[in-house]
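To keep things clear, I will list the structure first and then write my remarks on it.
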Amino acid sequence: MSDTAKIEFNGQVHEFPLIKGTENELAIEIKSLRGVTDGLVTMDPGFKNTGSCLSGVTFLDGEKGILRYRGYSIEDLAEKADFLEVAYLLIFGELPTADQLQKFHEDIKANSMVDEDVKKILDAFPKTAHPMGILSSLTSALTAFNPSSVNVDSPEEMYQAIVRILGKFPVLVAWTMRKRTGLPLDYGDKKLGYVENILKMMFKMPNEDYEENRIIVDALDKLLILHADHEQNCSTSTVRVVGSSHAGLFASISAGISALWGPLHGGANQAVLEMLEAIKADGGDTKKYMAKAKDKNDPFRLMGFGHRVYKNFDPRARIIKKAADEVLGELGVDDPILDVAKGLEQEALIDSYFVDRKLYPNVDFYSGIIYRAMGIPVEMFTVMFALGRLPGWIAQWREMRLRKEPIGRPRQIYIGETFRDFKKLEER
Ligand code: ACO
6 MSDTAKIEFN GQVHEFPLIK GTENELAIEI KSLRGVTDGL VTMDPGFKNT GSCLSGVTFL
66 DGEKGILRYR GYSIEDLAEK ADFLEVAYLL IFGELPTADQ LQKFHEDIKA NSMVDEDVKK
126 ILDAFPKTAH PMGILSSLTS ALTAFNPSSV NVDSPEEMYQ AIVRILGKFP VLVAWTMRKR
186 TGLPLDYGDK KLGYVENILK MMFKMPNEDY EENRIIVDAL DKLLILHADH EQNCSTSTVR
246 VVGSSHAGLF ASISAGISAL WGPLHGGANQ AVLEMLEAIK ADGGDTKKYM AKAKDKNDPF
306 RLMGFGHRVY KNFDPRARII KKAADEVLGE LGVDDPILDV AKGLEQEALI DSYFVDRKLY
366 PNVDFYSGII YRAMGIPVEM FTVMFALGRL PGWIAQWREM RLRKEPIGRP RQIYIGETFR
426 DFKKLEER
């Protein structure tokens, strides 16, 4: 195989080096393209063919349905690791030893206090505000309460910034939910594990003792691991681009939350459940909705189906589907929504529209069903995704800053008006 690629333009052949990854992925490096061709740029809407960085965090092969964090398969991690171990792995590159994990957790707990004044900001939101909007605003607001910018050349400062956000973010997540449900805000319990504490902060009632449910803790741990990173998706790319201007970690994560909110990305988990509810309320006629999804004159899309990268199956969807069956069974929940979901999936898997376009259930087709069984309100689903994705965003931000990547600033092809003379107001 050649180690360069050629572009012929205006009778001249230009040669560009190839970059090969450790999993043999290839890219044409076109850093010199504009210079040698006198201004030629590439055009790739949605960046479907564009590599934006070199990364050692997550590998995925959409054709084979492979997903690995730092070399470890998602199946192994979901089965054998816990969320905090996975967070450490993603951020620092290696699985922690028992001592490293304990210190990491202690440091996170030591940084879990959120300034009381943040509650005033929360108070200003109407109860009906979407939790993702609140979460993004509060995360950004934390910058004001933790103003020191991170010296990325100092491993200690970098570490402190990381444990600070990992400590405070779950508090914000819980507070957005308690705001919605009208419960008093809580700071959690330092004696508990990371995920146990999150659940207690979300669900503890003021007038009764909180009882931990192991099935729910394990299910949430697994869901968070499955969502923890997914290489250069929309929100992660946003975090990297915002961070590339040397905006701080909290500001970059806040931007990532906004990107995740959209129904074509993380907001899909809420959209899926709302869609399944609507189908059930409409008599459960899945065929009718399959037809709507295929009709090009109808904006309806089958939410939870399709993925930019996975074109055979989403490995996370397999794990989640099994987990949904187990969790609902163990909790004794008989959710008719699960039947609607299974019906849609079965039909889509044999329907030529979906088969030809390689549209399969993605990670969020089943996650909402589990969240619902846990008692999490539907508007909080995408917030739970953000909670899981936080270590991935941090890992990618850290990698980008340590690699000293340049500011993200794409080019364009201008298609607007060419030069025109300005007309004064009275002449228009
Ligand atoms: N329902 C019906 N048709 C679909 C769907 C769907 N869910 N997804 C894609 N298609 C069709 C498109 O209409 C298009 O058809 P055409 O070739 O006849 O024009 C074709 O499949 C390709 O679709 P694109 O939108 O070009 O694919 P892209 O890779 O840009 O989009 C995306 C991927 C955004 C995930 C899309 O499949 C979608 O909107 N899915 C529903 C939303 C969803 O579940 N998002 C969650 C993604 S996973 C995550 O973020 C964690």
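All residue numbers for the sequence shown refer to the numbering used here, where the first residue is 6 and numbers rise by one. Don't be surprised by glycine CBs; every beta carbon is placed ideally from N, CA and C.
Legend entry - For V244 and A260, believed in contact at Cβ under 8 Å, the rounded distance: With a Cβ gap of about 7 Å, A260 and V244 count as contacting.
Legend entry - Span of the alpha helix (DSSP H) around L177: Note, L177: alpha helix (DSSP H), P160 to T186.
Inset, instruction - Sort L430, F130, T423 and E404 by Cα distance to T63 and report the nearest one. - result: Checking every option, the nearest Cα to that of T63 belongs to E404.
Inset, instruction - Would you tell me roughly how many angstroms separate the C-alpha atoms of D66 and K124, rounded to the nearest one? - result: D66 and K124 have their C-alpha atoms spaced approximately 43 Å apart.
Inset, instruction - Would you grab the beta carbon distance between P366 and D319 for me? Rounded to a whole angstrom, and I think it's under 8 Å. - result: Contact between P366 and D319 holds, since their C-beta atoms are separated by about 7 Å, short of 8 Å.
Inset, instruction - Using the Cα positions of F434 and T55, report the straight-line distance between them to the nearest angstrom. - result: Residue 434 lies beyond the residue range present for the chain, which begins at 6 and ends at 433; the question has no answer from this structure.
Inset, instruction - With distances taken Cα to Cα, identify the nearest neighbour of I418 among M48, T291 and S145. - result: For the residues M48, T291 and S145, the minimum Cα distance to I418 belongs to M48.
Legend entry - Contact belief for L147 with F255 at Cβ below 8 Å, rounded distance in angstroms: Their Cβ separation, rounded to whole angstroms, is 5 Å, which keeps L147 and F255 in contact under 8 Å.
Legend entry - Of the residues E217, E384 and S141, the one placed nearest L443, counting alpha carbons only: Since the displayed the chain opens at 6 and closes at 433, residue 443 lies outside it and no answer follows.
Inset, instruction - Using only the heavy atoms of the ligand ADP, determine whether one of them is closer than 7 Å to the beta carbon of A298. - result: Although the ligand ADP was asked about, the structure shown includes only the ligand ACO as ligands.
Legend entry - Local conformation of D66 per DSSP, three classes: It is a strand residue.
Legend entry - Cβ contact (3+ pairs, closer than 8 Å) linking the stretch 87–100 and the stretch 225–241: Short answer: they touch.
Inset, instruction - Please confirm whether any heavy atom of the ligand ACO lies closer than 7 Å to the CB of N238. - result: Checking the 7 Å criterion, the Cβ of N238 is within range of a heavy atom belonging to the ligand ACO.
Legend entry - Alpha carbon of V247 to alpha carbon of L395, nearest angstrom: Going by the C-alpha atoms only, they are around 15 Å apart.
Legend entry - E84 versus R321, M210, E30 and Q237, residue with shortest Cα-Cα distance: Comparing Cα-Cα distances from E84 to each of R321, M210, E30 and Q237, the minimum goes to R321.
Legend entry - Three-state class that DSSP yields for L10 in the structure shown: The displayed chain sequence assigns Ala, not Leu, to residue 10. Reduced to three states, the DSSP call for A10 is strand.
Legend entry - Secondary structure of H19, DSSP reduced to three states: The DSSP-derived three-state label of H19 is strand.
Legend entry - F318 Cβ short of 7 Å to the ligand ACO heavy atom set: Checking the Cβ of F318 against the ligand ACO gives no.
Legend entry - Identified DSSP bridge partners for F310: Answer is P366.
Legend entry - Given 8 Å, three or more beta-carbon pairs between the stretch 342–359 and the stretch 370–390: Verdict: yes, contact present.
Inset, instruction - Could you pull out every residue in the same chain whose Cβ sits closer than 8 Å to the Cβ of K285, ignoring the five residues on either side in sequence? - result: Answer for K285: P341, I342 and V345, listed in chain order.
Inset, instruction - May I ask you to list the residues that DSSP assigns as paired with K347? - result: As DSSP reads the structure, K347 sits in no beta bridge.
Legend entry - Nearest to L407 (by Cα), restricted to the options L354, I35, Y358 and H251: Per the C-alpha coordinates, the member of L354, I35, Y358 and H251 positioned closest to L407 is H251.
Legend entry - Beta-carbon gap between L265 and W180 smaller than 8 Å: The Cβ atoms of L265 and W180 lie no closer than 8 Å to each other.
Legend entry - Selection from R39, A10, I381 and Y164 that minimises the alpha carbon distance to I399: When each option's Cα is compared against that of I399, the closest is Y164.
Legend entry - Cβ of R425 within 8 Å of any chain C Cβ: Given the protein chain composition of this structure (a single chain), no chain C is represented.
Legend entry - Top-ranked residue by Cα proximity to D356, from V168, A298 and P411: That would be A298, whose Cα lies nearest to the Cα of D356.
Inset, instruction - Using alpha carbons as the reference points, say which of P101, G172 and Y77 lies closest to N116. - result: N116 has its Cα closest to that of G172, out of P101, G172 and Y77.
Legend entry - N-terminal and C-terminal residue of the beta strand (DSSP E) that A32 is part of: A32 -> beta strand (DSSP E) spans L31 to I33.
Legend entry - Cβ shell of F434 (< 6 Å), same chain only, five flanking positions each side left out: There is no way to answer for residue 434, as the model of the chain reaches only from 6 to 433.
Inset, instruction - Assign I262 to buried or exposed, taking buried as 16 or more other Cβ atoms, counted over all protein chains shown, within 10 Å of its Cβ. - result: Buried: at least 16 other Cβ atoms inside 10 Å.
Legend entry - DSSP-derived helix/strand/coil call for R394: Assigned with DSSP and collapsed to three states, R394 falls in helix.
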